[in-house]
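In the working numbering, the protein residues as written are 44 to 275.
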């Protein structure tokens, strides 16, 4: 209990429940609202602003740990730059930077969840955030692969970029869809990974998605049992 109290004392007002709620809202806007906005394009002003808000929300969630905060900042700066400035080859490096940034934020949230002796709404929000962030991480890695090797993914006999263009959709949005259907092992089969890297990445995502749910449920049940014993 003392360790938990110490962890709480070391947190700022933004770190924890408030930051988890803000990050969850930002991810909801990114994944659900943004694709439906009129004239949505990966490089337009609204998209860049939303991405910036998501990154800032991620940084806010790391304010309770200096190591995570400064490491996240060192990644966030070039990540934001890649969204606002056209840099040759920046699409691939930017996607990888985003993946690393959100992977770091996910690790910080998970460490906080597993350090707690009580599970509340804060930890529930945090768990949802980690799951969504993992989907975004893999989507950005898929995007980096698709940009580097256009034939790495196919859809309807065409490269994914061509198929998305013909359908009037953003490659980025299509890969979010592919990422989350892969992570949940839903897999409609409309998009297929062809290259070795794409297949390994897809396989890894499916495994991570299932392990995350299994481990998280085990942790929540374990904490619940411990709480019941303490209350008895």
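Just so you know, even glycine gets a beta-carbon here, dropped at the ideal spot from N, CA and C.
Looking at 244, 189 and 61, the one whose alpha-carbon comes closest to that of residue 217 is 189. Scanning the segment 172 to 244 from its first residue to its last, the whole beta strand (DSSP E) runs of 3-plus residues come out as 196 to 198 and 234 to 236. Counting every other CB atom within 10 Å of its CB across the protein chains shown gives residue 126 a total of 16 or more, marking it as buried. Rounded to whole angstroms, the gap between the alpha carbons of residue 74 and residue 114 is 25 Å. Pairing residue 159 with residue 172, the inter-Cα distance amounts to about 17 Å. Here the alpha carbons of residue 174 and residue 154 stand approximately 14 Å from one another.
Scanning its chain for C-beta atoms nearer than 8 Å, with the 5 sequence neighbours on each side dropped, one finds around residue 118 the residues 140, 143, 144 and 147, in chain order.
DSSP places residue 125 inside the alpha helix (DSSP H), whose first and last residues are 109 to 127.
In the three-state scheme derived from DSSP, where H, G and I count as helix and E and B as strand, residue 149 is classed as helix.
Taking every protein chain shown into account, the CB of residue 236 has 16 or more other CB atoms within 10 angstroms, so this residue is buried. Straight across, the Cα-Cα distance linking residue 93 with residue 63 is about 17 Å.
For residue 224, the closest C-alpha among the options 251, 165, 192 and 272 is that of 251. Rounded to whole angstroms, residue 110 and residue 152 show a C-alpha spacing of 13 Å.
At the C-beta level, residue 66 and residue 100 come within 9 Å of one another.
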